[in-house]
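Novice: Numbering (this note's numbering), first residue to last: 836 to 990. Using N, Cα and C, we set each Cβ at its ideal position, and we do this for glycine too. Just so it is clear, the structure is predicted and the values come from calculations on it, not from any experiment. This is the structure, below, for whatever I ask next.
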Amino acid sequence: MLCVTSRSGCRPPLLALLTQVELDWTLWWYAVQNALSNARKYGDPKTVEIALEYREPTLILLVTNAVLDPAAQARLIDRHGPDATELLHRRVDGGGSQSTNFGGKALLKVAELLQGQVSLTFEPLTTRLRLEVVAPRHVDVKMSDTLLVYFIDDD
Numbered sequence: 836m837l838c839v840t841s842r843s844g845c846r847p848p849l850l851a852l853l854t855q856v857e858l859d860w861t862l863w864w865y866a867v868q869n870a871l872s873n874a875r876k877y878g879d880p881k882t883v884e885i886a887l888e889y890r891e892p893t894l895i896l897l898v899t900n901a902v903l904d905p906a907a908q909a910r911l912i913d914r915h916g917p918d919a920t921e922l923l924h925r926r927v928d929g930g931g932s933q934s935t936n937f938g939g940k941a942l943l944k945v946a947e948l949l950q951g952q953v954s955l956t957f958e959p960l961t962t963r964l965r966l967e968v969v970a971p972r973h974v975d976v977k978m979s980d981t982l983l984v985y986f987i988d989d990d
């Protein structure tokens with residue numbers, strides 16, 4: 836059985852609920868893959884946590900990773916502050932010589948296309964990416980009676 840896990844255990848109702856939301860799942864999955872890839876690339880690849888939350892009509896993804904070098908993280912916090920969302924917009928020192936920041940820009944674009952927002956937060960021992968998108972529930976309306984539609988012609 837597939838389920839979303841939390842500290843309180845397996846929560847299959849969330850997955851059932853997610854099948855009812857309207858969302859471009861291809862874009863969403865691209866953003867999830869990008870966030871996980873960045874967490875493994877820039878943090879401890881063995882310590883990546885994923886949380887998924889739905890607060891109608893918002894779907895929230897949290898990806899948290901432990902930092903590899905707390906001293907380097909402290910320098911980043913000193914330089915950019917704990918709200919590091921601006922770094923998604925541009926390449927900075929420490930991103931690696933091969934970094935193009937396409938991933939950050941792609942996450943911003945996905946958030947825009949899905950009518951949401953993305954944020955990046957530095958803490959002394961962790962980095963957290965938060966992606967929120969609009970994902971309203973689709974409601975099937977079952978009609979018990981056949982509808983009759985009348986067209987009235989005034990002529």
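#1: Hey, which unbroken runs of the alpha helix (DSSP H) at 4 residues or more fall wholly within the region 900-929?
#2: In this structure, what does DSSP give as the bridge partners for T961?
#3: Can you tell me the Cα-Cα spacing of A941 and Q950, whole angstroms?
#4: Under 8 Å by Cβ, that's how I've got G878 and V902 pegged, so tell me the actual separation to the nearest angstrom.
#5: Please report the straight-line C-alpha distance between A874 and P880, rounded to a whole angstrom.
#6: Quick one: what's got a C-beta closer than 7 Å to A946's C-beta in the same chain, skipping five residues either side?
#7: Would a C-beta distance cut-off of 8 Å place L943 and H924 closer than the cut-off?
#8: For A1007, which of H973, L964, P959 has the nearest alpha-carbon?
#9: How is L942 classed by DSSP in three states: helix, strand or coil?
#10: Run the CB neighbour count on W863, radius 10 Å, all protein chains shown included, and call it buried at 16 or more, exposed below.
#11: Along the chain, where does the beta strand (DSSP E) that runs through L887 open and close?
Specialist: From the atom records:
#1: 905-915
#2: A901
#3: Straight-line Cα distance between these residues: approximately 14 Å.
#4: 6 Å
#5: 7 Å
#6: Q952, V953, L966, V968
#7: yes
#8: Lying outside 836 to 990, the shown extent of the chain, residue 1007 is not represented and no answer is given.
#9: Here DSSP, grouped into helix, strand and coil, assigns L942 to helix.
#10: buried
#11: 883-890
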